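Student: This is the structure I want to talk about, given as structure tokens.
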Amino acid sequence: MTRSTRKPLRSQAWFGKADKDGFIHRSWMKNQGIPHDAFDGRPVIGICNTWSELTPCNAHFRELAEYVKKGVYEAGGLPLEFPVMSLGESNLRPTAMLFRNLASMDVEESIRGNPIDGTILLVGCDKTTPALLMGAASCNLPALAVSGGPMLNGRFRGHEIGSGTGVWQMSEEVRAGTMSQAEFIEAESCMNRSRGHCMTMGTASTMASMVESLGMGLPHNAAIPAVDARRQVLAQLAGRRIVEMVREDLTMSKILTRAAFENAIRTNAAIGGSTNAVVHLIALARRIGVPLTLDDWELGSDIPCLVNLQPSGHYLMEDFYYAGGLPVVLRQLGEQGLLHRDALTVNGKTIWENVADAPNYNAEVITSFAQPFKPKAGIAVLKGNLAPDGAVIKPSAATPALLRHRGRAVVFENVEELHAKVDDASLDIDEHCVMVLKGAGPKGYPGFAEVGNMPLPKKVLQKGITDMVRISDGRMSGTAYGAVVLHVSPEAAAGGPLALVRTGDMIELDVAARRLHLEVSDEELARRKAEWKAPELPERGYYRLYVEHVLQADKGADLDFLVGASGAAVPRDSH
């Protein structure tokens, strides 16, 4: 088997030396039972693993990594697995998003500082996908992402329930008195009944779809269930392919082009994807050096939602895979002239070559442009005096009647005040009001938490009302839904206009006009700003570093000193 490459492999700067340093690098590795000829110049593939029992979505990754290793060996490479910080959305407080950038630093420095020629990125739970892509992008070696796959559909008392989405629905039913606490607890084991990440079109499934639409994963990466043997096959094929990518010098910058990001934005609209993709893709683009702004998300604003999946629709990811998966969606985008067909992907083919013949096996799950599930479903970017640098809303997940609304603000200064007051019978609020939450942004929470989909007041729920206009500088879970305006920039903690909103102010939302307006004069806002005081900084540690350096939502909420890339030049000797 030929092992010729276009340029010397990085790993040979460690393993190819005949001196003292070469002895050190090889000898200590041999204590794992690695034979001497494994250091003969074959590509060394790092398997970047986010396995953790505290990250249940990724708890099967040790097994998945073994299939990657099989593929690497088959293709003549040397696989070496290494851990990086794992980010479990369901357990990690105050929010996994606080640590996305930290995990990306772990990935970047682990790749750059070790004898690695190419990398497999094992990703799954929400923030692990962008964190690993961002860190790898800053090194710009050949890399291929393998998602862990969604769980099987939830089943509860004869009905299918979706992870996350079902939680929000049932918790509101408990608060409204239409579901018992015992039923609520019973549903826990029924919702998440297999390994894998959320099986709704939440952030995990959205980002797995972004991996595939960006060209960073193999076809069908997005939807194969975690327990399906074809997920293991995909991992093994990825192991084979990454060795070839190293020999071809197919680096991330050759795949993550402007065209690739535009494909992903339009794909996100067509699948009814999470608003969280906005901040993650902007941050990733800024790492790899591709110009991408919040306004670019309007590229998908007129695209219909083709995929009838929760939270916007009815079905779940298991159904999506059986219907044909993401290739069907990409094919339809291509047929409508909405896909850059020549965008390169990790398998060496163009994205169009991968999807041109993709069959649709269920037109109820994946609809057509002629009869879409929902029209004009892309993420809408709002501007106005309340969000000078922008805010976002997901129209496909909102009550249509609320997409144009004017109401009286009811303000919660932080999430603790929200929880303390939302069910208070004396709270002066009804379904016509606009709920406003401050202190949920990157600096304010800190970490940009998923608290934007505020629970509705109990007395509103008891009327049978299930949606209200809600505005915050935070995010919401991709599994959530509602007329929720998110990512208001600048955030309240940065002194943005959101910090100046008071209960009783009138707010106008007009999604069609892309307008978010606070009906308060400039003079009054200036007076309020003069009285405003910035929150105190955290005392020490990573929290302090994060708050001092995090960018606003419209810039991707990365740390300012991480924007850009440093490449993967071999560092100086360690001994």
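Residue numbers 1025 to 1599, in the working numbering, belong to the letters of the sequence shown in order.
Just so it is clear, CB atoms sit at the ideal spot from N, CA and C, and this is done for glycine as well.
These figures come from a predicted structure and were not determined experimentally.
Helix, strand or coil: which one does DSSP assign to residue 1179?
Tutor: DSSP places residue 1179 in strand when its eight states are reduced to three.
Student: Kindly identify the DSSP beta-bridge partner or partners of residue 1222.
Tutor: Bridge partners of residue 1222: none, in fact.
Student: So which of 1243, 1429, 1274 and 1461 has the shortest CA-CA distance to residue 1500?
Tutor: For residue 1500, the nearest C-alpha among the options comes from 1461.
Student: Where does the unbroken beta strand (DSSP E) through residue 1407 begin, and where does it stop?
Tutor: Here the beta strand (DSSP E) through residue 1407 covers 1404–1408.
Student: Three-state secondary structure (DSSP) at residue 1168?
Tutor: Looking at residue 1168 - three-state DSSP - the assignment turns out to be strand.
Student: Within 10 angstroms of its Cβ, does residue 1098 collect 16 or more other Cβ (buried), or is it exposed?
Tutor: Exposed, by the Cβ-count rule.
Student: Using 8 Å as the Cβ pair cut-off and three pairs as the minimum, do the stretch 1078–1090 and the stretch 1111–1126 touch?
Tutor: Cβ pair count under 8 Å is three or more, so yes.
Student: Reducing DSSP to helix, strand and coil, say where residue 1292 ends up.
Tutor: Looking at residue 1292 - three-state DSSP - the assignment turns out to be helix.
Student: Name, in chain order, the residues that DSSP records as bridge partners for residue 1398.
Tutor: For residue 1398, which the question treats as bridged, DSSP gives the partners 1329.
Student: Along the chain, where does the beta strand (DSSP E) that runs through residue 1393 open and close?
Tutor: Looking at the DSSP string, residue 1393 is not in any beta strand (DSSP E), and its letter there is neither H nor E.
Student: Identify which residue in 1562, 1403 and 1283 has its Cα closest to the Cα of residue 1328.
Tutor: Ranking 1562, 1403 and 1283 by Cα distance to residue 1328 puts 1403 first.
Student: Enumerate in chain order the residues of its own chain whose CB-to-CB distance from residue 1406 is below 8 Å, with the five nearest sequence positions on each side excluded.
Tutor: Around residue 1406: 1414, 1415, 1416, 1417, 1509, 1533, 1535, 1538, 1539 and 1540.
Student: In three-state DSSP terms, what is residue 1019?
Tutor: One cannot answer for residue 1019 here, as it falls past the ends of the chain, which runs 1025 to 1599.
Student: Could you check the C-alpha separation between residue 1572 and residue 1560 for me, to the nearest Å?
Tutor: The straight-line gap from Cα to Cα measures roughly 11 Å.
Student: How would you label residue 1175, buried or exposed, when you count the other beta carbons within 10 angstroms and need 16 or more for buried?
Tutor: Answer is buried; the Cβ neighbour count reaches 16.
Student: Any idea if residue 1590 is buried or exposed, counting beta-carbon neighbours within 10 angstroms, 16 or more meaning buried?
Tutor: Per the 10 Å Cβ criterion, exposed.
Student: When you compare only the Cα positions, how much space is there between residue 1142 and residue 1429?
Tutor: Those two C-alpha atoms are separated by around 51 Å.
Student: Just the Cα atoms here: how many angstroms apart are residue 1214 and residue 1340?
Tutor: Roughly 15 Å separates the two Cα atoms.
Student: Quick check on residue 1287: does DSSP put it in helix, strand or coil?
Tutor: Helix.
Student: Taking Cβ to Cβ, would you say residue 1364 is nearer than 7 Å to residue 1287?
Tutor: Closer than 7 Å, so yes.
Student: With three or more C-beta pairs closer than 8 Å as the rule, is the stretch 1156–1176 touching the stretch 1256–1272?
Tutor: Contact between the stretch 1256–1272 and the stretch 1156–1176 is present, because at least three Cβ pairs lie under 8 Å.
Student: Is the distance from the Cβ of residue 1285 to the Cβ of residue 1246 below 7 Å?
Tutor: No, the Cβ-Cβ distance between residue 1285 and residue 1246 is not below 7 Å.
Student: Leaving out five residues on either side along the sequence, give the residues of the same chain with a beta carbon under 6 Å from the beta carbon of residue 1379.
Tutor: So the qualifying residues of the chain are 1351, 1354 and 1355.
Student: Which residue from 1580, 1035, 1032 and 1034 puts its Cα closest to that of residue 1311?
Tutor: If we check each option's Cα against that of residue 1311, 1580 comes out closest.
Student: Do you know how far the Cα of residue 1542 is from the Cα of residue 1514?
Tutor: The alpha-carbon atoms of residue 1514 and residue 1542 are separated by roughly 14 Å.
Student: Considering Cα atoms alone, identify which of 1260, 1200 and 1494 is closest to residue 1101.
Tutor: Per the Cα distances, 1260.
Student: How far does the alpha helix (DSSP H) with residue 1046 in it reach, from first residue to last?
Tutor: Residue 1046 -> alpha helix (DSSP H) spans 1044–1053.
Student: Report all residues from its chain with a CB closer than 7 Å to the CB of residue 1369; omit the five preceding and five following residues, and keep chain order.
Tutor: Taken in chain order, the residues that qualify are 1239, 1279, 1375 and 1378.
Student: Identify the residues that DSSP records as bridge partners of residue 1072: which are they?
Tutor: Residue 1072 pairs with 1106 and 1145.
Student: Assuming contact is defined by CB atoms lying nearer than 7 Å, are residue 1262 and residue 1144 in contact in what I supplied?
Tutor: Contact: yes.
Student: Using the C-alpha atoms, what's the distance from residue 1301 back to residue 1277?
Tutor: If you take the alpha carbons of residue 1277 and residue 1301, they lie about 19 Å apart.
Student: Could you check how far apart the C-beta atoms of residue 1096 and residue 1107 are, in whole angstroms? I think they sit under 8 Å.
Tutor: Not quite, the Cβ-Cβ distance comes to about 17 Å (not below 8 Å), so this is no contact.
Student: State the DSSP-derived secondary structure class of residue 1563, mapped to helix, strand or coil.
Tutor: Coil.
Student: Curious, which full-length alpha helix (DSSP H) runs of at least 4 residues does the stretch 1226–1293 contain?
Tutor: As far as the stretch 1226–1293 is concerned, its whole alpha helix (DSSP H) runs of at least 4 residues are 1227–1238 and 1253–1272.
Student: Got a sec, what are the start and stop residues for the alpha helix (DSSP H) residue 1343 sits in?
Tutor: Residues 1341–1347.
Student: Starting from residue 1433, follow its DSSP beta bridges and name the residues at the other end.
Tutor: Paired residue(s): 1458.
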